[in-house]
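All remarks here apply to the structure that follows.
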Amino acid sequence: MSKSLPKNFASELISWYSENKRELPWRRNPKPYNVWLSEIILQQTRVNQGLPYYYRFIEHFSTVKDLAAASEQEVLRLWQGLGYYSRARNLHKCAKQVCEFHKGVFPQNFEALKKLPGIGDYTAAAIASICYKEPVAVVDGNVYRVMARVFGIDTPINSPKAKPEFFDLGNKLIDTQRPDEYNQGIMEFGALHCTPRNPKCDVCPLSKLCIAKQKGLQGVLPVKEKKLKVRKRYFYYLVRRNAQSLAMKKREEKDIWQGLYDFELVESTDPLDGATLAKRVGVKKILWSEEYKHILTHQIIFARFAVLESKNKDHNYFSYKKIAALPKPVLISKFLSDKGFLK
1123 MSKSLPKNFA
1133 SELISWYSEN
1143 KRELPWRRNP
1153 KPYNVWLSEI
1163 ILQQTRVNQG
1173 LPYYYRFIEH
1183 FSTVKDLAAA
1193 SEQEVLRLWQ
1203 GLGYYSRARN
1213 LHKCAKQVCE
1223 FHKGVFPQNF
1233 EALKKLPGIG
1243 DYTAAAIASI
1253 CYKEPVAVVD
1263 GNVYRVMARV
1273 FGIDTPINSP
1283 KAKPEFFDLG
1293 NKLIDTQRPD
1303 EYNQGIMEFG
1313 ALHCTPRNPK
1323 CDVCPLSKLC
1333 IAKQKGLQGV
1343 LPVKEKKLKV
1353 RKRYFYYLVR
1363 RNAQSLAMKK
1373 REEKDIWQGL
1383 YDFELVESTD
1393 PLDGATLAKR
1403 VGVKKILWSE
1413 EYKHILTHQI
1423 IFARFAVLES
1433 KNKDHNYFSY
1443 KKIAALPKPV
1453 LISKFLSDKG
1463 FLK
């Protein structure tokens, strides 16, 4: 990386941002609650996918106090389909803490914001800079990409060294008078202009500063370490039906989909044949559905379902209407819709 930092980096970004920024609802009137909600929703989520969820949450919970007063089940149901459900649980916990310990007002500085559930350096920096004009730099995937290319940084961005290195650089580059515009500018620039593939280098305001452009390294930078191996899991669901109701259960902690509802489960690390499954379940013969494939970040779920007529009252049965209101993994919702249990 070049030792001397260009003085016009921040001003060029802010100028580009003022001309090219997207019109997003939380930017019109950047209140802490709206900015926080948008940042949590957009973690691991594209803007066009996250926008409907943002509107949905604002419609149901117009203030942090409304969100704090909701049940976790209601929050999870609204979150359904976004994945990474720990974000939703922390969203709810954070709202409760803001109301309980801060009288419904978000803390007004970076360090205090970081103490709230689900708020790390990035989200704290976004809220502090956008809402309170505190000059602290954001670092996310878009920022990594822009900085790595412009300054020729080859530190793997998913290594432990990357975050402090890029955070320190960002704090040296940030416009202390306009930290809100700088942070939003560099994030927007990475999302729209300095993209992972086919960056717009020919019309880039930073091209004269950019080491990747000068050396043809756009396809090399940023550097990433080798990905973790993807784990395959085989789910065999027993869907017990009693009249117009199905037996469902709430998933426990320490696994995917905590707090969401699914069915009685037989899990295997390898595919199971019909005879083995029937023996495991304790029946002579069982008819399984077609296979459903569900891809997560480091896991692939291969699922099959078997609907069993049951009069066993030991299970927790829910009517079809109540099931529609339960928070469920996308995989479960798809099966229920495919088989006509959800209208």
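The sequence shown maps to residues 1123 to 1465 in the numbering used here.
All C-beta atoms in this analysis are idealised placements derived from N, C-alpha and C, irrespective of residue type, glycine included.
Computed from a predicted model, the values in this text were never measured in an experiment.
- Our two residues, Ala1369 and Pro1282, have alpha carbons roughly 44 Å apart in a direct line.
- Under the three-state reduction of DSSP, Asn1364 is assigned to strand.
- Counting C-beta pairs with one atom in each stretch, the stretch 1392–1399 and the stretch 1328–1335 have fewer than three that are closer than 8 Å, which means they do not touch.
- Assigned with DSSP and collapsed to three states, Asp1392 falls in coil, not helix or strand.
- Assigned with DSSP and collapsed to three states, Arg1355 falls in strand.
- Taking every protein chain shown into account, the CB of Lys1450 has 16 or more other CB atoms within 10 angstroms, so this residue is buried.
- By alpha-carbon distance to Thr1391, the top candidate from Ala1425, Asn1364 and Phe1131 is Ala1425.
- Across the set Thr1298, Lys1372, Tyr1442 and Ile1408, the C-alpha of Ile1408 shows the shortest separation from the C-alpha of Val1429.
- Secondary structure at Leu1331: coil, using DSSP grouped into helix, strand and coil.
- Contiguous alpha helix (DSSP H) elements confined to the stretch 1128–1204 occur at 1131–1142, 1147–1150, 1154–1163, 1169–1182, 1186–1191 and 1194–1201, taking only those with 4 or more residues.
- Collapsing the DSSP output to three states places Arg1373 in coil.
- Three or more pairs of CB atoms, one per stretch, sit closer than 8 Å, so the stretch 1164–1174 contacts the stretch 1205–1218.
- Distance from Arg1267 to Cys1323 at the Cβ level is roughly 13 Å; contact not present, criterion being Cβ atoms closer than 8 Å.
- Look at His1224 here: in three-state DSSP terms it is helix.
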